[in-house]
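*Asks:* So the number in our numbering is just where the residue sits in the sequence shown, counting from 1, plus 17. Glycine residues also receive a C-beta, built at the ideal position from the N, C-alpha and C atoms. Just so you know, these numbers come straight off a predicted model, no measurement behind them. Okay, here's the structure, questions in a sec.
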Amino acid sequence: MPTSRPTPAVVQNILETIGQTPMVQLHRTVEGIPGKVLAKVEYFNPGHSTKDRMALKMVEDAEKAGLLKPGGTIIECTSGNTGMGLALAAVVKGYRLICTLSDKQSKEKMDVLRALGAEIYVCPTNVSPEHPDSYYSVAKRLNAEIPNSYFPNQYDNLSNRTAHYESTGPEIWEQTEGKITHFIVGVGTGGTISGVAKYLKEKNPKIQIWGVDSFGSVFKKYHETGVFDESEIYGYITEGIGEDILPKNVDFGLIDRFEKVTDRDGALVARELARKEGLLLGYSCGSALQGLRQLKHLLPDDAVTVVLFHDHGSRYVGKIYNDDWMRERGFLKEDSGNLAQAVSMNIHLPLVMVQPEEPLMNAVVAMKRHSISQLPVHNGSVFVGSLTESHIIRALSEEGLGMDTLVKHVMGKPFPILSGHSSLQEGIQALSMDHNALLVELSAGKHHILSRHDLLTRIA
Ligand SMILES: Cc1ncc(COP(=O)(O)O)c(C=O)c1O
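Following this line, the structure appears as structure tokens:
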């Protein structure tokens, strides 16, 4: 019987149970990963996620600053978990709560928020943050319309990362007795990673901080190149991680590396954690462990890695824990393969590219020689654009340009880059965003191209 832990004392209200979550060593899902892997299991918070910590902190800081007054209304855009933390704070402290959510969030999350008395506005996912219907814009509008209301804005409100600096970071340091060498976690608003990183790096600057990002998000490229690349953005399914904006809570200087994980891998690994470790976790937790698996070659044998698991799996029972949902998206292992397999039929052919400073004539000659209709444009280090037959025809006919025009004046946005582990479904989703082809990353820096035609042939 597990009787050795001290029995917790009686507390005055549910908010006092936030924090002091357990750390559980992983065994059966970390085979082949050097050192020890410890999971900080944040679903032990009363709202079942780590976001309780920052939700309470944002409310308390707003009260102190006079921004939130008795009888006031809290309005927040949230992927659900922050809403839960805010709902607990609102109930205990007597505030009204309105949450705006994007329509990709699970129904379970919305039902739970309603159960705690929150009012919900469901907004479309596939619109830009500036669009009046986006969940950011709707929250802002309601804040302007409703008197005595407060919009915490978890993305840019630095109380978010301070909460993790003050509680999550110290807990991790103490629980590992200062032995932690690596910390890995999914990144959305950036509050968790930045707050924990600041605390841990103050204690020991050598600790490596790794952020898990999703394909379709801007973080990784921005971190590596300083470029906010809109062509990286497209719809994806994983909830809570990745962004199409740069929230102020992400302190890029404290993060040593970002790793992207596919929707499919995140879902499969979350299922594995449930069955092999008895941890019923949220979607992004699978992504976090998969991120670590992808980076395991960077770990020394004596590594002590902490992976933070954000939330509980009960909110995803209709999604990643539902076989039909998984099958519909081509995520189950028995399904038809991934992009690496799809590209393998062309792998014997060269990846033909053109440079931005070359004349169109070179591109046309290359297309003719290899019987292809599109080319990635590469400047020697990164993909900077794409060139298709339509671009060339438009330049020659409508714009009256000549074949000596440089590619850079005619090219379109770069093709989306997806991991070879991505499913065919994810490939189709990326192509539907107006691209003729996509690039499949087979290993670090090694890419191949997959055209619309290749992908359709594969699924037919
Ligand atoms: C399920 C889940 N995973 C990961 C994150 C990312 O955490 P953070 O916003 O602190 O970067 C969130 C944030 O909302 C989340 O809800």
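Determine which residues share a DSSP beta bridge with His-452 and list them.
*Replies:* Answer by DSSP bridge pairing: none, since His-452 is not bridged.
*Asks:* By how many angstroms is the C-alpha of Gly-347 removed from the C-alpha of Gln-442?
*Replies:* Straight-line Cα distance between these residues: approximately 6 Å.
*Asks:* Sort out for me which residues DSSP pairs Met-40 with in a bridge.
*Replies:* In the DSSP output, where bridge partners are listed per residue, Met-40 has Lys-57.
*Asks:* In the DSSP assignment, the beta strand (DSSP E) including Phe-326 goes from what residue to what residue?
*Replies:* 321-326 is the span of the beta strand (DSSP E), which, as asked, contains Phe-326.
*Asks:* Would you kindly work out how many angstroms separate the C-alpha atoms of Ala-461 and Glu-276, rounded to a whole number?
*Replies:* Going by the C-alpha atoms only, they are around 11 Å apart.
*Asks:* Which class does Tyr-251 belong to by DSSP, given the choice of helix, strand or coil?
*Replies:* The answer is coil: DSSP assigns Tyr-251 none of H, G, I, E or B.
*Asks:* If you measure from the CB of Ser-66, is any heavy atom of ligand 1 nearer than 7 Å?
*Replies:* Within the cutoff, so yes.
*Asks:* Which word fits Gly-208, buried or exposed, when buried means at least 16 other C-beta atoms lie within 10 angstroms of its C-beta?
*Replies:* With 16 or more other Cβ atoms within 10 Å, it is buried.
*Asks:* Does the region 253-270 come close enough to the region 461-470 that 3 or more CB-CB pairs lie under 8 Å?
*Replies:* Verdict: no, contact absent.
*Asks:* Taking only beta-carbon atoms, is Ala-82 less than 8 Å away from chain B?
*Replies:* The structure shown contains no chain B; it holds only a single protein chain.
*Asks:* Rounded to a whole number of angstroms, what is the C-alpha to C-alpha distance between Thr-90 and Arg-158?
*Replies:* Straight-line Cα distance between these residues: approximately 14 Å.
*Asks:* Return the CA-CA distance between Thr-206 and Val-371, expressed in angstroms with no decimal places.
*Replies:* So the two alpha carbons sit approximately 37 Å from each other.
*Asks:* Looking at C-alpha atoms only, which residue of Ile-364, His-408, Val-399 is the closest neighbour of Ala-380?
*Replies:* That would be His-408, whose Cα lies nearest to the Cα of Ala-380.
*Asks:* For Glu-256, is the classification buried or exposed, using 16 other Cβ atoms within 10 angstroms of its Cβ as the cut-off for buried?
*Replies:* Result: buried.
*Asks:* May I have the straight-line CA-CA distance separating Leu-486 from Ser-248, to the nearest angstrom?
*Replies:* Nothing can be reported for residue 486: it is not among the residues displayed for the chain, which extend from 18 to 477.
*Asks:* Taking only heavy atoms of ligand 1 into account, decide whether any of them is closer than 7 Å to the Cβ of Glu-256.
*Replies:* Glu-256 Cβ: within cutoff of ligand 1.
*Asks:* Just the Cα atoms here: how many angstroms apart are Asp-282 and Arg-45?
*Replies:* Roughly 17 Å separates the two Cα atoms.
*Asks:* Counting beta carbon pairs with one atom in the region 321-331 and one in the region 186-205, are three or more of them shorter than 8 Å?
*Replies:* Output reads yes: the region 321-331 touches the region 186-205.
*Asks:* Return yes when the Cβ of Leu-73 is within less than 8 Å of the Cβ of Ile-115, no when it is not.
*Replies:* Not a contact, by the Cβ cut-off of 8 Å.
*Asks:* With 16 as the cutoff for other CB atoms within 10 Å, does Asp-399 come out buried or exposed?
*Replies:* Note on identity: in this sequence residue 399 is Val, with Asp being the wrong assignment. Label assigned to Val-399: exposed.
*Asks:* Classify Val-28 as buried or exposed, calling it buried when 16 or more other Cβ atoms lie within 10 Å of its own Cβ.
*Replies:* Val-28 should be labelled exposed.
*Asks:* So, under 8 Å CB-CB, Ser-331 and Glu-125 are touching, yes? Tell me the CB distance rounded to an integer number of Å.
*Replies:* Going by Cβ atoms, the distance from Ser-331 to Glu-125 rounds to 7 Å, so yes, they are a contact pair.
*Asks:* Please give me, in chain order, every unbroken run of the alpha helix (DSSP H) with length at least 4 that falls completely inside the region 141-183.
*Replies:* Those alpha helix (DSSP H) runs which fall completely within the region 141-183 and span 4+ residues are 152-162, 176-180.
*Asks:* Pull the bridge partners of Lys-463 from the DSSP assignment, please.
*Replies:* Paired residues: Ser-460.
*Asks:* Confirm the yes/no value for this check: CB of Asp-451, any heavy atom of ligand 1, distance under 7 Å.
*Replies:* No; taking the cut-off as 7 Å, the Cβ of Asp-451 has no heavy atom of ligand 1 nearer than that.
*Asks:* What do you reckon, is the C-beta of Val-5 under 7 Å from a heavy atom of ligand 1?
*Replies:* There is simply no residue 5 to check, as the chain begins at 18 and stops at 477 in what is shown.
*Asks:* What is the DSSP secondary structure of Asn-355, counted as helix, strand or coil?
*Replies:* In the structure shown, Asn-355 sits in a strand (DSSP, three-state: E or B).
*Asks:* Can you give the Cα-Cα distance for Gln-311 and Gly-303, rounded to whole angstroms?
*Replies:* Cα-Cα distance, rounded: 12 Å.
*Asks:* Output the residue ranges of the alpha helix (DSSP H) runs that lie fully inside the region 67-112 and measure 4 residues or longer, sorted by chain position.
*Replies:* 68-81, 98-110, all fully within the region 67-112.
*Asks:* Can you give me the C-alpha to C-alpha distance between Ser-123 and Ala-359, rounded to a whole angstrom?
*Replies:* Answer to the nearest angstrom: the Cα atoms are 30 Å apart.
*Asks:* If you draw a straight line from the alpha carbon of Arg-70 to that of Asn-160, how long is it in whole angstroms?
*Replies:* C-alpha separation (whole angstroms): 23 Å.
*Asks:* When the Cβ atoms of the region 223-233 are set against those of the region 289-299, are three or more pairs found closer than 8 Å?
*Replies:* The answer is no - the region 289-299 does not touch the region 223-233, with fewer than three Cβ pairs under 8 Å.
*Asks:* Report the start-end ranges of each alpha helix (DSSP H) in the region 350-426 that is 4 residues or longer and not cut off at the edges.
*Replies:* Counting whole runs of 4 or more residues, the region 350-426 contains the alpha helix (DSSP H) stretches 356-360, 377-387, 406-414.
*Asks:* Who are Phe-200's beta bridge partners in DSSP?
*Replies:* Paired residues: Ile-226, Val-323.
*Asks:* Can you tell me which of the three DSSP states Val-267 falls into?
*Replies:* Note: Val-267 maps to coil in three-state DSSP.
*Asks:* How is His-240 classed by DSSP in three states: helix, strand or coil?
*Replies:* Looking at His-240 - three-state DSSP - the assignment turns out to be helix.
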